[in-house]
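Working notes, beginning with the structure itself.
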Amino acid sequence: MILPLADVPAPHIDYKGLSPLIALVGGTVLVLMAALLRGRFVQRSLLPLLTLGTLGAAMGLSIWVWSPGDHRPIVESALEVDALALSLSLVFYVAGIATVLLAHRSAALSDAGAGEYYTLLLSSVTGMVLLAEAANLITLFVGIELLSIPLYVLCASQVRRRASLEAGLKYLVIGSVGSATLLYGLALIYGAAGTTSFAGIDRALGDTVSLSDPLLLTGIALACAGLAFKASVAPFHQWTPDVYQGAPTPVTAFMAVATKAAAFAIFLRLFDSALLSAQFQWAPALAALATITIVVGNVGAIAQDSLKRMLAWSGVAQAGYILAGVVVGTQKGLEATVFYLLVYLLMNVAAFAVVIARERVSEWGDGMRALEGLGRAAPWLAWPMTIAMLALAGFPATAGFIGKFYLIDAAVDGDYAWLGVVIVAGSMISLVYYLRVVAVMWMGPMEVRLPSLPGRPRTAKPVGGWSPEADAWAQPEVTLVAVACAAATMFFGIWPNPLFDLVADVGTSLASLVG
Amino acid sequence: MLQSYLPALVFLVLGGAIGGAFTLLNGVLGPRRPNPVKNEPYECGLPSEVKRSFRFGISFYLIAMLFILFDIEVIFLYPIAVQLKAFGVFALVETLVFIFLLLVAFVFVWRRGALEWK
Amino acid sequence: MTSTWGWLILLFPLVGTVVISLGYKVLPGRLAGWLGSAAILGAFVCAIGALLSIQDRTPEDRQVVSTLWTYASTAKVDVGMTILVDPLSVLMALVVSGVSFLIHVYSVSYMGGDRGYARYFAYLNFFVFSMLLLVMGGNLVLLIVGWAFVGAASYLLISFWYRRGTATYAGLKAFVINVVGDIGLVVAAFLLWSKTGALDWTGVFRGSHEAFHTNDGVIVAACLLLTVGAFAKSAQVPLHTWLPDAMEGPTPVSALIHAATMVTAGVYLIARTHPLYELAPTAADITAVLATFTFVYAATCAMAITDLKRIIAYSTISQIGYMVVGVALFGYANGLFHLMTHAFFKALLFMGAGSIIAAMAGEQNIDRMGGLRRAMPFTYVTFMVGSLALAGFPPFSGWLSKDSIVAFAFDRGGWYVAIGVAGYVAALLTAFYTFRVVFRVFSGEPVEEARLLERGELAHAAHRNPLTGEEEDTDVGFPGPEHHIAERELPMKFAMSLLAVLAFAGGTIGIPDVSDVLERFLEPTFADSAFQGVAPSDTAEWIGLAVGAATAAAGIGAAWLVYLRRPGLSLELARRFPRTHRFLERRWYFDELYDLTVVRPLQALAAFSRRAIERGIVQGLLVGGAGGLVRGGMTIARTIQNGYLRAYALLLLTGLAGLGLYFLLQSS
């Protein structure tokens, strides 16, 4: 077949809007090339600095691009920039920066090679930003693959640990199933609507395409399942605890916050914008999924002894809460979702930072016992963990409370009051395992085992905030991340107005919800 | 609406049932007189010589994978090559960026020694 | 300026809390105590500043609202960090910070030998901050925050000696009952918000006048829920059982939190929300009746029990009953007058009790005390002043304040007269049991400890829990032997003598016909009340005061007869009426009633569900009780979560099939 040789116009590209992505790709290439240089300085200092610089530059450019209430295409009908994309990009950048800091002394770094590690991280962030800015099904899928594939590798990056390899493989297999399901769904939606652009689908639905078209509905079902994989929504959550536990903890932290935010970005774009006309069809299913997720996640978390597994299950439960904001399909739901994703970043990173600090020095690894007596031994770690746990449980005066309140309010406002009740009930159950962590830290025994000959353990009470094996400031960057995130959690719990202003701007970014 | 799927369902059930039935009948009715030769994997009539300790070199996979990767990437160049005039300068620049990224990857792979046979 | 003073009142204790809690390791000796006292003194000075600056304003302008920042303005919820400075909150701030300062000073010495010295003052400062937040808060949300904070501080301080089983149990009990009240308060706030659309006081009051007619169902429900909150915090029947147990805390804590300040928060709440109660007279009447029952009930209990601190605790319950009656009958100034004088004399009584218990080496049973008068002259005199004020003997402060409430009840007429009569009956009982304590403790044959003290030695006893007789774990401090007596410590003497003066003369600001200072001061807050200016005639008040004085004298005389003149009479009475005695001693079996109707059934339910689930569903895999269902689900989740990809794939396909089926059904 011979194509007509008519002029195909080049897509209009807004290079200003594209600049954060260009910075990320450029930074990735730079880091990859710099990794070829040998020498301790390059490997230990230059690479992380380059990575941080890249993320910082991208962040700066994103803020520069930002103009409130604005949404415009950056690559015609492929990428679009609006407050939703930019605010979630901030989540990705901050999560990336935190991961770089947390991974600074990680074994995975030397196992896999610093250059590879940072390059993969940057590509994953690029994928997420691409995903958040996606304006059609193809870019959506490209974004999701670009974010997932580096993560598969990162999960396995601690190659000398079996659990890490297992986690990588598991994530690869399950993640591929998820991607395949999603792709199948997207294909069917395209088949039904006849267009890949979100705006086009929105126009076609209810106009040229019947809302009861089985092709469309099967497509939605499969896309829904595929995204549920990525967001670890039950019953597609089962990889989460295994992978979270097996993966190197900085990667786990990154996955827990950034991947989740990316998955919800696409939930919002696909369901609350492109498929909003079919809300009557998909909302009950998503609401049911949210309920199952809240119950399964909270119940699963109770019996965990590994902190990483506990946080994984708690992440499942939290995904259920966030999903409620998507289900209602209102402007307030959108605002609540983004608000929660922002504070979720803070509280979860704080918790993971403490886990990292402890698992490197404690003989209990990431077990609950690693935190015993931490309140006395290392208050600089115990307080951030306490704040993170209380915030995750939704205690007043923390940002977690306002986030949850916002979600419940959105649910009630969107005629899903019972979903609000489920969130409250879930939070009640969640107190059991969140407060357990707090109790272990502050009420556990204060003895610390001293290094000694085998068979003759010696114990001692730590004096005045010092303990022989866990000096919080031995890993200043980890403690810094923990303290900064916890402080921000408290700050936004007491003074949430900056975030309110931000999400109010985000609320106007999906045209389908406005008005 | 669902009813239109009924023939497909009937087809599936029938196909499964008949296939299953024959397998089952085979197992139930067929005589079973195994001997060592019969139990060997089919190997074109030759005695099988695969030992359990046999391994492919890991380098083989690496090289093969890299080859496939770079090979496939080239396919993306075809459509543009055919329609370059229609797409104009923009496509040319895009192609160059694309090749540049491939080149970066190639340099990395090369300098990292992934192409050396160990 | 007024609002600046208001903010400073809050700032000082907050800074004190932070400094002491951060510096608990480096603060030497008694510095933590002095720092804490200084912080509260600062708050008190600022409260005086606020008082002066508010008096400078015109009466119409004496309600100052100040917002530091807006906390949330989303979802129709408009909440700010707002305080309201008006005569009511200034009065409360003065009482709270003033009494707190004296109790801090007292504690500096009293707790001097305790292990948790700095911890104690950090908690105490935190409590004062929370209490001031509660009374100054300009909206319902801040009130609830302060309400919860004082609850937390109370819990922390009751369980202060946390190695003591009875103390931690008492803390838990207080916490649980207070949560019941918190729920009432939160639901009431929600009701009010949903109908009026506002959370700040002025908005709520204005909105409720528009939204409700008198005795509207919703406003009655809201007021009853507020009453539940008030009753839980103020230990009124039927939510009173936690307060006697709360005496497990250090004695100055009992004086501050469980007598003078926190427990009166319910009275403050009703006075603050008076426009709502006036819209719902039915709710106010129910509140008044329950409080009447409370003050009679508690007075009868106090006659039979023998634990010194618990007797004073029951007398607290009883006196708060009077205050609640005062405000629920819409005689706000009377209730608040009694709140103030009660804070003085009750704090004084507890301080005296602390000194006595220290002298008795931790012993709290008044039957084992006696003849301490000569050994502890200073304690005796001050305790006497407090007792006379509590008994309502002229011219002590309690006489004027209590009788103003009773006289107001008579003035309301109708069936309220019955409340007035009950008020006199309870006053008789009060005078009786108060002097029962005085005579038992200070008169009679000196006991061993008293003799020791007269020789200048302090008794020491084995560290045993007086309730259970268990050996004490002294790792975190211990009540009794390590504490100090007023006779030997200047700060304690200072605090007690000042309070004694106040308990004696505090009534002068409310002498009918002579000085109605308090009533006129509070007028701007209650200007919107329909009962503003309604008061019994001066003649009626003086008649009431005369009857009150006679009642008090009769009660004291009866106590003198029973405990001094014929010492065997009380025992004989107890033997003659064993059931009545036991009934009173067991405090009308309220604890047993709750045990039977609430605690036991819940335990039985938990036990049943444990048995049923263990045998029926998971065959001994679980050890859960009430949470059996959750644990059951957990086990199932863990069984599925076995780490095998194939198992995951199965569930995954099931989920996918379910989703697909759902959407396909939508298409038909």
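Chains as they are written, first to last, in numbering that gives the first Met the number 0: chain A, 0 to 514; chain B, 0 to 117; chain C, 0 to 667.
Glycine is no exception: its CB is placed at the ideal position from the N, C-alpha and C atoms.
Three-way DSSP call (helix, strand, coil) for G79/C in this model: Here G79/C sits in strand by DSSP.
Secondary structure of S129/C, DSSP reduced to three states: For S129/C, the secondary structure class from DSSP, reduced to helix, strand or coil, is helix.
Run of the beta strand (DSSP E) containing R56/C, from where it starts to where it stops: First-last for R56/C: undefined, no H or E at that position.
Closer than 7 angstroms at the beta carbon, the chain A residues around F89/B: Simply A9.
Cutoff 9 angstroms: V28/A Cβ touching any chain B Cβ: Taking Cβ atoms only, chain B reaches closer than 9 angstroms to V28/A, which makes this a yes.
Nearest-angstrom Cα separation, counted from L21/C out to G464/A: For G464/A, the predicted model reports a pLDDT of 40, less than 50, meaning its position is unreliable; a value from the coordinates is still stated below. Here the alpha carbons of L21/C and G464/A stand approximately 12 angstroms from one another.
Straight-line Cα distance separating G87/B from L36/A: Per the coordinates, the alpha-carbon of L36/A lies some 38 angstroms from the alpha-carbon of G87/B.
CB contact check: M388/A to chain B, cutoff 9 angstroms: False, the Cβ-Cβ gap to chain B never drops below 9 angstroms.
Minimum Cβ-Cβ distance from D212/A to chain C less than 9 angstroms: Interface residue (Cβ-Cβ distance to chain C less than 9 angstroms): D212/A is classified as such.
Neighbour-count burial assignment, N214/C, 16 or more Cβ in a 10 Å radius: Around the Cβ of N214/C, a 10 Å sphere holds fewer than 16 other Cβ atoms; the residue is exposed.
I102/C and A254/C closer than 9 angstroms at C-beta: Yes, the Cβ-Cβ distance between I102/C and A254/C is below 9 angstroms.
Any chain C beta carbon closer than 9 angstroms to Q42/A: No, its Cβ sits nowhere closer than 9 angstroms to a Cβ of chain C.
Any C-beta of chain A under 9 angstroms from that of G26/B: The beta carbon of G26/B does not come within 9 angstroms of any beta carbon belonging to chain A, so the residue lies off that interface.
Partner residues on chain A for R110/B, Cβ-Cβ distance less than 7 angstroms: When 7 angstroms is used as the limit between beta carbons, R110/B is near these residues of chain A: L35, in chain order.
Bounding residues of the beta strand (DSSP E) (the contiguous stretch that carries V80/A): Boundaries of the beta strand (DSSP E) harbouring V80/A: L78 to V80, taken from the DSSP string.
Inter-stretch contact at 8 angstroms, needing at least 3 Cβ pairs: the segment 471-483 of chain A / the segment 350-361 of chain A: Yes: at least three Cβ pairs fall under 8 angstroms.
Residue from R519/C, I311/C and R372/C whose Cα sits closest to the Cα of V440/C: The residue among R519/C, I311/C and R372/C with its C-alpha nearest the C-alpha of V440/C is R372/C.
Alpha carbon of G248/C to alpha carbon of I256/C, nearest angstrom: Computed Cα separation, rounded: 10 angstroms.
Residue range of the unbroken alpha helix (DSSP H) whose run includes V669/C: Residue numbering for chain C in the displayed model covers 0 to 667; residue 669/C lies beyond these limits and cannot be assessed.
Under 9 angstroms from the C-beta of L48/A: neighbouring residues of chain B: Within chain B, no residue comes near L48/A; the closest Cβ sits about 20 angstroms away, beyond 9 angstroms.
Alpha-carbon to alpha-carbon, A34/A and Q474/A: Cα to Cα, the separation comes out at about 24 angstroms.
DSSP state of T66/C mapped onto helix, strand, coil: Taken through DSSP and simplified to helix, strand or coil, T66/C comes out as strand.
Segment limits, beta strand (DSSP E) that includes V74/A: It spans R71 to V74 - the beta strand (DSSP E) in which V74/A sits, taken as one unbroken run.
Residue from D504/A, A510/A, L512/A and S511/A whose Cα sits closest to the Cα of S66/A: Cα-wise, what sits closest to S66/A is D504/A.
T207/A versus Y189/A, Q42/A and A224/A, residue with shortest Cα-Cα distance: Measuring from the Cα of T207/A, the nearest candidate turns out to be Y189/A.
Selected residue, minimal CA-CA separation from A264/C, among T291/C, S233/C, T240/C and P243/C: The option with the nearest alpha carbon to A264/C is S233/C.
L621/C classed as buried or exposed, judged by whether at least 16 other C-beta atoms fall within 10 angstroms: Legend: pLDDT at L621/C = 36, less than 50; position of this residue unreliable, value from coordinates given subsequently. Residue environment for L621/C: buried (at least 16 other C-beta atoms within 10 angstroms of its C-beta).
Cutoff 9 angstroms: E380/A Cβ touching any chain B Cβ: The sequence given here has Leu at residue 380/A, not Glu. Not an interface residue.
G619/C burial status per 10 Å Cβ neighbour count (16 or more: buried): Caution applies to G619/C, whose pLDDT of 38 falls short of 50 and renders its modelled position unreliable; the value that the coordinates give is listed next. By the neighbour-count rule (16 or more Cβ atoms within 10 Å), G619/C is not buried but exposed.
For K169/A and L644/C, believed in contact at Cβ under 8 angstroms, the rounded distance: Indeed they touch by this definition, with Cβ atoms about 6 angstroms apart.
Nearest-angstrom Cα separation, counted from G35/C out to M383/C: Near 29 angstroms, if we compare the C-alpha coordinates of G35/C and M383/C.
Residues bridged to A133/A [DSSP beta-bridge criterion]: Answer by DSSP bridge pairing, in chain order: L78/A.
Whole-number beta carbon distance between S272/A and S511/A, since they are thought to touch under 8 angstroms: About 5 angstroms separates the beta carbons of S511/A and S272/A, which is inside the 8 angstroms limit, making them a contact pair.
Sub-9 angstroms separation of I365/C and R450/C beta-carbons: Cβ distance not < 9 angstroms, so I365/C and R450/C don't count as in contact.
DSSP beta-bridge partners of G366/A: Answer by DSSP bridge pairing, in chain order: S305/A.
For N214/C, the three-state DSSP class (helix, strand or coil): DSSP, reduced to helix, strand and coil, places N214/C outside both helices and strands of the structure shown, so it counts as coil.
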